[in-house]
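Working notes, structure below.
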Amino acid sequence: MSETAFPAMLRDWRRRARFSQLDLALEAGLSQRHLSFLETGRARPGAELVRRLGAALGMPAAELAALTRAAGYAPPGGANWGAETRAALDAAVGHVLDGHAPYPAVAMDWMWTVSRANAPALAFFSRLGLGAERNLLRAVLAPGPLRERMENWEETAAALLRLIALEIARRPNDPAGRALLEELRSLAGKAVLEGTAQSARPAPVMSLTIRLGEARLSLLSMIATIGMSHDAMIDDLRIETLLPADAQTRAWFEAL
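By the count of the numbering used here, the sequence shown reaches residue 298 at its end, each step adding exactly one.
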């Protein structure tokens, strides 16, 4: 990587975060002059300083890893994980998923590709006819059985596009994310994109209203992350739980 990569990335992230040099210097615990030298390539940071700068800027772990490599260091991550640590994390995720029964819950990455699901989620997805599609964003936005059954599809599609656009804004060095967003925008269509741009006050929570046979299911979506992680894989992990918004939906899932 070129010697100008780190200064350029640091300047770009500071501007994205709308920090002045003084603001970032104070937040990261260095002088404004030192920060100026880092941004112009006149000084080289230590690995610990890179970590502090990333924390001050609120960088996702994957972006911090890219910044660390640009500075000439090996990024922090899961390379030194032991089998026991991995097993403990896997068991914790399983505990959350299984503990949410009889309601659906899935583990997924930041692009909403499902890696694990509890039994109610698998049964629910089967009833919806999702087939082999593992990416929930595509499942909702693409023409198909789920889109056809959602009474509030346009509202949900607009909310999902806003969420993924915010995630991608935090990951400017991730071309896969940008490609996914373009694909999703194409699937959503002009009407949803115009609604997304014009909606100044989106709903406070994301809700789903789905017709399935004679049932009308109302669900609320809650997404959790693992806090205080410096590993990109863990930082990218999301757990989505679907919660019944009324008694009819609660009874339907209890009988599933």
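For glycine and all other residues, C-beta sits at the position ideal for the given N, C-alpha and C.
If you're wondering where the values come from, they're calculated on a predicted model, not measured in any experiment.
For Val-92, does the three-state DSSP call read helix, strand or coil? Taking the sequence shown and counting its residues from 1, one reaches residue 92 at position 50. Collapsing the DSSP output to three states places Val-92 in a helix.
Rounded to whole angstroms, how far is the Cβ of Asp-29 from the Cβ of Arg-56, which I believe are closer than 8 Å? Nothing about residue 29 can be read from this structure; the chain reaches only from 43 to 298.
Exposed or buried, what is Arg-213 when buried is set at 16 or more other beta-carbons lying within 10 Å of its beta-carbon? Start at 1 with the first residue of the sequence shown, and residue 213 comes out as number 171. Buried, because 16 or more other Cβ atoms sit within 10 Å of the Cβ of Arg-213.
In DSSP terms, what Ser-249 is bridged to: On the sequence shown, residue 249 is found 207 positions in, with the first residue counted as 1. DSSP lists Leu-262 as partners of Ser-249.
Could you tell me if Glu-296 is buried or exposed, where buried requires 16 or more neighbouring beta carbons within 10 angstroms of its beta carbon? The sequence position of residue 296 within the sequence shown is 254, counting from 1. By the 10 Å Cβ count, Glu-296 comes out exposed.
Sequence-distant residues of the same chain with beta carbon closer than 6 Å to Leu-99, five excluded per side: Here residue 99 refers to the residue found at position 57 when the sequence shown is read from its first residue. Here the set comprises Trp-55, Ala-59.
For Ala-242, which residues from the same chain have a beta carbon less than 6 Å from its beta carbon, with the 5 sequence-adjacent residues on both sides left out? Your numbering for residue 242 matches position 200 in the sequence shown. Low confidence applies to Ala-242: its pLDDT is 48, below 50, so where it sits in the model is not reliable, and the reading given next is rough at best. Cβ within range, chain order: n/a, list empty.
Run the CB neighbour count on Pro-146, radius 10 Å, all protein chains shown included, and call it buried at 16 or more, exposed below. Translated into positions along the sequence shown, residue 146 becomes position 104. The residue in question, Pro-146, is buried, as its Cβ has 16 or more Cβ neighbours within 10 Å.
Where do the N-terminal and C-terminal ends of the beta strand (DSSP E) with Thr-283 fall, by residue? Translated into the one-based positions of the sequence shown, residue 283 becomes position 241. Element bounds for Thr-283: 280 to 286.
In or out: Met-101 buried (at least 16 other Cβ within 10 Å) or exposed? As a position in the sequence shown, residue 101 is number 59, starting the count at 1. Taking all protein chains shown into account, Met-101 has 16 or more neighbouring C-beta atoms within 10 Å of its C-beta and is therefore buried.
Please classify Met-51 as buried or exposed, where buried requires at least 16 neighbouring CB atoms within 10 angstroms. In the sequence shown, counting from the first residue as 1, residue 51 sits at position 9. The residue is buried, with at least 16 neighbouring Cβ atoms inside 10 Å.
How many angstroms separate the CA atom of Asp-65 from the CA atom of Leu-77? By one-based count along the sequence shown, residue 65 stands at place 23. By one-based count along the sequence shown, residue 77 stands at place 35. Approximately 10 Å between the Cα atoms of the pair.
With DSSP as the reference, label Arg-158 as helix, strand or coil. Working through the sequence shown from its first residue, we reach residue 158 at position 116. Strand, per DSSP.
Reducing DSSP to helix, strand and coil, say where Met-51 ends up. Residue numbering aside, residue 51 sits at position 9 when the sequence shown is read from its first letter. Here DSSP, grouped into helix, strand and coil, assigns Met-51 to helix.
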